[in-house]
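Engineer: Sharing a structure here in structure tokens format.
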Amino acid sequence: MATSGESRVAIIGAGISGLAAAKQLARFNPMVFEATSSIGGVWKHCSYRSTRLQTPRPDYEFSDFPWKNRADPTFPTYDEILEYLQDYATHFDLWKFINLESRVSEIRFLENPAKAGFTELWGGSGRPLAGQPMWEVGVVTGQSETVQWHKFEFVVMCTGKYGDVPKIPVFPPGKGQEVFQGKVMHTLDYCKLDEEASKELMRGKKVVVVGYKKSAIDLAVECAQANQGADGQPCTMVIRTLHWTVPSYSIWGLPFFLLYSTRSSQFLHQRPNEGLLRSLLCYSLTPLRRSVSKFIESYLTWKLPLEKYGLKPDHPFTEDYASCQMAILPEDFFAEADEGRILFKKSSKWWFWEKGVVLEDNTKLEADVVFLATGFDGKKKLRSVLPEPFSGLLEDSSGVMPLYRGTIHPLIPHMAFMGYIESVSNLHTSELRCKWLARLLEGRFELPSVERMFKQTSLETEVMKKTTRFYRRHCISTFSINHSDEICEEMGWESWRKGGWLSEAFSAYSNQDYKDDEKN
216 MATSGESRVA IIGAGISGLA AAKQLARFNP MVFEATSSIG GVWKHCSYRS TRLQTPRPDY
276 EFSDFPWKNR ADPTFPTYDE ILEYLQDYAT HFDLWKFINL ESRVSEIRFL ENPAKAGFTE
336 LWGGSGRPLA GQPMWEVGVV TGQSETVQWH KFEFVVMCTG KYGDVPKIPV FPPGKGQEVF
396 QGKVMHTLDY CKLDEEASKE LMRGKKVVVV GYKKSAIDLA VECAQANQGA DGQPCTMVIR
456 TLHWTVPSYS IWGLPFFLLY STRSSQFLHQ RPNEGLLRSL LCYSLTPLRR SVSKFIESYL
516 TWKLPLEKYG LKPDHPFTED YASCQMAILP EDFFAEADEG RILFKKSSKW WFWEKGVVLE
576 DNTKLEADVV FLATGFDGKK KLRSVLPEPF SGLLEDSSGV MPLYRGTIHP LIPHMAFMGY
636 IESVSNLHTS ELRCKWLARL LEGRFELPSV ERMFKQTSLE TEVMKKTTRF YRRHCISTFS
696 INHSDEICEE MGWESWRKGG WLSEAFSAYS NQDYKDDEKN
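Residue numbering for the sequence shown follows the working numbering, starting at 216 and increasing by one per position.
Here's what the structure looks like:
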């Protein structure tokens, strides 16, 4: 194992959130368990050869570790991101905490499970560290089948929402992939192929890609590029739900951040704990809020051939932004479609037949290969290791994990969850919450009652429900600054981080604004 001496805290997963947690909790000598042979999470194990970050470098960096080439305007490749994360781990000496090829197979609660009930204070006492082991973590290392058990006072789950557990559609008998004579592959398995193997799989083949989010779009482009030439076959995307796509971070010449990522722009949107006056004001600004969405939609409809291909969504752009489903298009996506190498079919339902897939209007698409870009089930991954009754408490009645400050489940004591809420920059979201968690464990502030924590999470869910039909993704992008304000106030930081009122109103917030306050 990488650590020596007593470890009070376990961190499960060494992706973005796990590395941020290891750095912020270093004083607790944490043990980081990573199931694979490398750090990086989805950037290592769920990336295509063409995968790039969807934001500029300055919007995706740790507050105390800027990119070496942060002025480079290009979006970094996944290889560049992995190098950045490895440099971060080296710079802050995190490797001593990290145990690679260490898969957590089971977690046991060492106290009375009744502590998972609705008590007045979290875990009965409200304290994150009980002064004694509360969890036992079973770990399988390398090729061994032997489970090694380690006891900890606190566990941080950083296994994430993406990767590891693919979400596979369920079909009626006789309509599943068992009747299909070709090959079916989830994007998780496609990511494991090298460049030549992936090209060979698609070259000259009739390919169907199910999905229309970032992974599906990137895969369709790779398929089209593999099928250039006389023997090439088009790739058909089966789209169940349309979403807005964006060619760049400029809308009619204006930087995108002005429309959603400043205090003034987020003032137009609902937020938790806003009070009656603020709520009435927000309601009165509804026409302006809708105008911003229409302004963006008009640009996207003009810039992209959405109507030509029937790809213009019926719902407002704001709903996709509010659910973190806005995808940045590869430069040549529609160029490949114009050449006939990418085709589009809309169908809310589909199933397999012997030679391909069938759409809800009974159209039959022949296929040699069907790719499932149908997402991942991060909650299933959590349920597989958490014991009862905790595994059954993960979601509330709305299907959302009720995480206070995006971190603490009110009914699961002595445990934190990182990487299960989303924003425009998930790295920023995770790092700031790891700073908050470190100060909680250090005893610098106390958690509110379980009832108050539930009230806060319910308010956030209600805001998301009113903003987007896709609220179950637990995205805070339309009130992310307010979310960060409340975290700062709880830590004893100033919530307004800019130098003056003008920059506070019209400058975008980034991780650089949340460097540690020296006195806190």
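Just so it is clear, CB atoms sit at the ideal spot from N, CA and C, and this is done for glycine as well.
Source: prediction; values computed, not measured.
Are the beta-carbon atoms belonging to PRO245 and ILE226 less than 8 Å from one another?
Structural biologist: Cβ distance < 8 Å, so PRO245 and ILE226 count as in contact.
Engineer: Are there 16 or more other CB atoms within 10 angstroms of the CB of GLN671, so buried, or fewer, so exposed?
Structural biologist: GLN671 should be labelled buried.
Engineer: Quick one: residues in its chain with C-beta nearer than 6 Å to the C-beta of GLU719, no 5 flanking neighbours on either side, listed in chain order?
Structural biologist: ARG478, TRP711, LYS713, listed in sequence order.
Engineer: Taking the alpha-carbon of THR644 as reference, which of SER463, VAL370, ILE702 has the nearest alpha-carbon?
Structural biologist: Out of SER463, VAL370, ILE702, ILE702 has the C-alpha closest to the C-alpha of THR644.
Engineer: Put SER465 into one of helix, strand or coil per three-state DSSP.
Structural biologist: Looking at SER465 - three-state DSSP - the assignment turns out to be strand.
Engineer: Taking DSSP's pairing of strands, which residues face CYS690 in a bridge?
Structural biologist: According to DSSP, which records beta bridges pairwise, CYS690 is partnered with GLU637.
Engineer: Using beta-carbon positions only, say whether VAL584 and HIS689 come within less than 8 Å of one another.
Structural biologist: Not in contact: VAL584 and HIS689 (Cβ atoms no closer than 8 Å).
Engineer: Nearest to LYS523 by CA position, among ALA537, ASP553, ASP547, SER513, is which residue?
Structural biologist: For the residues ALA537, ASP553, ASP547, SER513, the minimum Cα distance to LYS523 belongs to ASP553.
Engineer: Taking all protein chains shown into account, decide if THR516 is buried (16 or more other Cβ within 10 angstroms of its Cβ) or exposed.
Structural biologist: With fewer than 16 other Cβ atoms within 10 Å, it is exposed.
Engineer: Who does PHE591 pair with in a DSSP beta bridge?
Structural biologist: Answer is PRO381.
Engineer: Considering only C-alpha positions, which residue in the set LEU608, GLY590, THR589 is nearest to ARG598?
Structural biologist: The shortest C-alpha separation from ARG598 is found at LEU608.
Engineer: Provide the residue span of the alpha helix (DSSP H) that contains VAL425, from first to last.
Structural biologist: Per DSSP, VAL425 belongs to no alpha helix (DSSP H); it is in the beta strand (DSSP E), 422 to 425.
Engineer: With H, G and I counted as helix, E and B as strand and the rest as coil, what does DSSP make of MET616?
Structural biologist: Reduced to three states, the DSSP call for MET616 is coil.
Engineer: Express the C-alpha separation of HIS458 and HIS530 in angstroms, rounding to a whole number.
Structural biologist: For HIS530 and HIS458, the distance between alpha carbons rounds to 8 Å.
Engineer: Pick from VAL380, GLU610, ASN726, HIS401: whose alpha carbon is nearest that of PHE586?
Structural biologist: Minimum Cα distance to PHE586 is reached at HIS401.
Engineer: Measuring alpha carbon to alpha carbon, tell me which residue in LYS650, LEU642, ILE627 is nearest LEU336.
Structural biologist: Of the candidates LYS650, LEU642, ILE627, the one whose C-alpha sits nearest the C-alpha of LEU336 is ILE627.
Engineer: At the level of alpha carbons, what is the spacing between GLU709 and HIS698?
Structural biologist: Near 13 Å, if we compare the C-alpha coordinates of HIS698 and GLU709.
Engineer: In the DSSP assignment, what residue or residues form a beta bridge with GLY353?
Structural biologist: Note: GLY353 sits in a beta bridge opposite GLU321, TRP364.
Engineer: Please list, in chain order, all residues of the same chain as PHE280 whose beta carbon is under 7 Å from its beta carbon, the five residues on each side excluded.
Structural biologist: If we look at PHE280 and ignore the five residues flanking it on each side, its Cβ neighbours are TYR303, HIS306.
Engineer: Please name the residue, chosen from LYS518, CYS649, TYR475, LEU492, that lies closest to ARG505 on a Cα-to-Cα basis.
Structural biologist: Cα-wise, what sits closest to ARG505 is TYR475.
Engineer: Need the endpoints of the beta strand (DSSP E) that LEU574 sits in, please.
Structural biologist: Run containing LEU574: 571 to 574, per the beta strand (DSSP E) assignment.
Engineer: Within 10 angstroms of the Cβ of SER219, are there 16 or more other Cβ atoms? Answer buried if so, exposed if not.
Structural biologist: Reliability fails at SER219, whose pLDDT of 46 lies under 50, so the model's placement of it is uncertain and no value is given.
Engineer: Roughly how many angstroms lie between the CA atoms of GLY621 and ILE636, to the nearest whole one?
Structural biologist: Looking at the two C-alpha atoms, the distance is approximately 6 Å.
Engineer: Which same chain residues, not among the five before or five after SER538, have their C-beta less than 6 Å away from its C-beta?
Structural biologist: The answer, listed in chain order, is THR683, PHE685, ARG688, CYS690.
Engineer: Quick one: Cα of PRO663 to Cα of PRO617, how far?
Structural biologist: Their backbone Cα atoms lie some 15 Å apart in a straight line.
Engineer: Examine the Cβ distances between the stretch 257 to 268 and the stretch 381 to 400 and report whether three or more of them are shorter than 8 Å.
Structural biologist: No contact exists between the stretch 257 to 268 and the stretch 381 to 400.
Engineer: Nearest to PHE532 by alpha carbon, out of PHE669, TYR299, PHE549, TYR514?
Structural biologist: Checked all of PHE669, TYR299, PHE549, TYR514; the closest Cα to PHE532 is TYR514.
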